[in-house]
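Beneath this line is the structure, given in structure tokens, with notes to follow.
In the UniProt record's numbering, the protein residues as written are 1 to 670.
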């Protein structure tokens with residue numbers, strides 16, 4: 001049988017051509033399309049191209065129904081506000097207790113490098129295809145629709161189950177001032193949950209403004225705390241100069257789970273990695289909200305590159321400050337008091353003799369927790385809305401609540417583009433769509449040329465996925481479990497632990513998507529040598545556009561981060577196996593074993609379930625969908641890199657002309 005693959009490759013560039021009959025206005029500038037001969041390989045190329053166009057139509061339909069209202073400043077601060085919550089102020093206490101000052105700092109630094117690799121990987125893909133549904137759509141196109149399905153639901157679960165943790169933290173912090181206990185935790189929990197839900201019941205531009213100013217306040221407070229902490233370390237307190245005293249005396253925790261020596265120190269340091277992973281989760285937020293970001297082509301990749309720097313600096317600076325001022329052996333770090341009193345910053349300022357600063361830290365914890373809770377509802381509701389639009393969730397969740405709609409506006413393309421859900425709810429790889437008409441990019445109601453885009457409905461001033469918001473916010477009712485004693489509170493803590501494992505799974509899925517993406521671009525680049533000169537030029541034009549946002553060191557950066565995520569996932573439940581006779585369940589009537597007094601929360605049964613149940617659940621989602629829908633993994637030889645309806649690449653970017661402009665550009669990144 002003759003090999004037709006090479007002949008087809010010579011006839012059609014791997015960026016995929018439109019079908020015969022497509023007019024010139026539908027073709028990307030500088031790309032010449034020639035009608036190739038029919039054949040099985042060609043049909044697969046066209047099918048992959050049609051899937052890209054279908055994803056873009058679905059995403060543009062969402063943008064048309066839910067008009068872009070978040071600017072670059074909004075999405076950047078939402079990313080910071082959604083990540084910096086109780087993890088920095090309260091989670092740092094556990095990190096310091098488990099790993100010691102050096103172990104905690106190294107653990108957060110290592111996870112920060114993973115976040116860097118994740119952000120540059122996701123940023124490269126979204127810079128090229130910002131309008132296919134974020135990382136979920138990219139996994140659908142370049143790995144397997146089953147992975148996109150499981151990543152979408154895993155992300156919704158992560159953000160939803162984090163909500164009650166942040167609400168509980170905000171409510172319990174009130175106990176720092178309410179020492180008499182007159183205000184019940186359930187009352188304050190309900191109050192903060194209602195307020196966080198209410199702000200998300202308005203159009204996203206209002207939420208964006210509120211989150212922007214709250215995040216600015218948080219960032220300012222964190223900077224002030226770090227600077228004051230460094231001054232205390234240098235001698236601006238009654239303690240005198242501290243320097244690196246605690247780093248030298250006890251760089252790592254003495255014991256962990258009763259295990260001493262080098263083994264206990266290493267295991268304590270390893271435990272910090274999971275704690276840090278939970279704290280950093282959310283740094284990829286700019287890729288999630290791209291549907292409501294104005295000019296996502298430029299703003300989302302920029303936000304991804306910047307956010308990891310800011311968050312990493314805050315976390316590393318905070319952990320450095322905490323480790324310099326508070327020894328890991330301080331008993332207040334391991335106290336049962338879950339208010340801000342156990343925060344290392346509160347402990348440090350009290351030891352230094354400051355009376356006002358502990359209140360400032362607790363106020364920051366309160367603001368951070370509530371702000372993060374509002375971001376949790378926003379992000380989880382958008383995930384749920386997008387899943388519903390893809391047909392992966394009940395259809396009522398795709399409903400948009402509209403108020404004050406003055407007129408109905410016809411969007412670009414056919415009438416069925418905004419109303420017919422047959423193409424948006426289907427992942428059938430054999431579905432074929434017609435080439436949509438090209439529309440200008442929406443940027444606050446204006447196209448790149450400055451013309452008003454008729455697809456942006458100015459008459460509808462109140463548009464939001466209300467059903468998705470309310471369903472996602474309802475998960476916050478789990479916060480009332482933490483206001484009771486006994487098994488209910490243990491179950492709530494277990495859910496939070498499961499969320500931290502699920503977050504690492506999501507990172508691993510995103511990184512694997514990039515690895516496949518990079519392999520596909522490498523394969524296409526090699527195959528371009530077999531093409532005709534014109535086709536080679538057209539194909540390399542697309543590959544070079546991708547490489548404009550490729551970070552030096554790829555794909556090894558992605559492989560490093562992916563490998564570390566997998567190793568931590570499989571080893572984070574090691575505590576199950578170090579106790580006398582590892583246990584995954586208790587026998588009724590049998591006396592449960594006793595555990596180390598300082599590590600009672602490390603019950604091996606609970607740890608086994610929280611560490612290893614999410615992994616088979618994630619695999620069940622992936623392979624269950626794959627079995628039901630009979631999806632196939634996208635082979636390298638069928639990958640198509642075609643931008644479709646994406647506006648021209650880097651149209652508004654201007655390179656810095658001198659050192660001053662480069663310095664100013666760098667300061668804006670910081």
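No residue lacks a Cβ here, since even glycine has one placed at the ideal position from N, Cα and C.
Quick one: Cα of residue i to Cα of residue j, how far?
i, j, result
"residue 157", "residue 237", "45 Å"
"residue 631", "residue 247", "53 Å"
"residue 98", "residue 107", "11 Å"
"residue 166", "residue 480", "12 Å"
"residue 215", "residue 223", "12 Å"
"residue 617", "residue 150", "9 Å"
"residue 346", "residue 398", "44 Å"
"residue 538", "residue 129", "17 Å"
"residue 45", "residue 638", "6 Å"
"residue 529", "residue 636", "16 Å"
"residue 194", "residue 212", "20 Å"
"residue 240", "residue 104", "24 Å"
"residue 548", "residue 52", "21 Å"
"residue 172", "residue 497", "19 Å"
"residue 371", "residue 55", "32 Å"
"residue 271", "residue 535", "52 Å"
"residue 204", "residue 400", "13 Å"
"residue 522", "residue 395", "39 Å"
"residue 275", "residue 612", "16 Å"
"residue 277", "residue 507", "10 Å"
"residue 577", "residue 607", "10 Å"
"residue 125", "residue 161", "28 Å"
"residue 527", "residue 323", "53 Å"
Applying the criterion that 16 or more other CB atoms from any shown protein chain within 10 Å of the CB defines a buried residue, is residue i buried or exposed?
i, result
"residue 58", "buried"
"residue 121", "buried"
"residue 379", "buried"
"residue 643", "buried"
"residue 89", "buried"
"residue 423", "With a pLDDT of 39 at residue 423, under the threshold of 50, the modelled position of this residue cannot be trusted; read the value that follows with caution. The residue is buried, with at least 16 neighbouring Cβ atoms inside 10 Å."
"residue 87", "buried"
"residue 184", "exposed"
"residue 500", "buried"
"residue 349", "buried"
"residue 138", "buried"
Taking the Cβ atom as the reference point for each residue, do residue i and residue j lie within a distance shorter than 8 Å?
i, j, result
"residue 634", "residue 143", "yes"
"residue 462", "residue 402", "yes"
"residue 469", "residue 377", "yes"
"residue 386", "residue 524", "no"
"residue 569", "residue 504", "yes"
"residue 333", "residue 342", "yes"
"residue 502", "residue 170", "no"
"residue 609", "residue 117", "no"
"residue 242", "residue 321", "no"
"residue 140", "residue 134", "no"
"residue 471", "residue 163", "no"
"residue 152", "residue 132", "no"
"residue 199", "residue 188", "no"
"residue 154", "residue 625", "no"
"residue 62", "residue 389", "yes"
"residue 115", "residue 279", "no"
With a cut-off of 8 Å on the beta carbons, I'd call residue i and residue j a contact; round off their distance for me.
i, j, result
"residue 111", "residue 251", "At roughly 19 Å, the Cβ-Cβ gap does not stay under 8 Å, so residue 111 and residue 251 are not in contact."
"residue 381", "residue 465", "6 Å"
"residue 344", "residue 92", "6 Å"
"residue 552", "residue 383", "That pair is no contact at about 32 Å."
"residue 366", "residue 232", "Incorrect: roughly 23 Å between the Cβ atoms, too far for contact."
"residue 328", "residue 253", "5 Å"
Identify whether residue i lies in helix, strand or coil by the three-state DSSP scheme.
i, result
"residue 643", "coil"
"residue 401", "strand"
"residue 256", "strand"
"residue 534", "helix"
"residue 462", "strand"
"residue 572", "coil"
"residue 242", "coil"
"residue 48", "helix"
"residue 471", "helix"
"residue 177", "coil"
"residue 354", "coil"
"residue 144", "coil"
"residue 271", "helix"
"residue 96", "helix"
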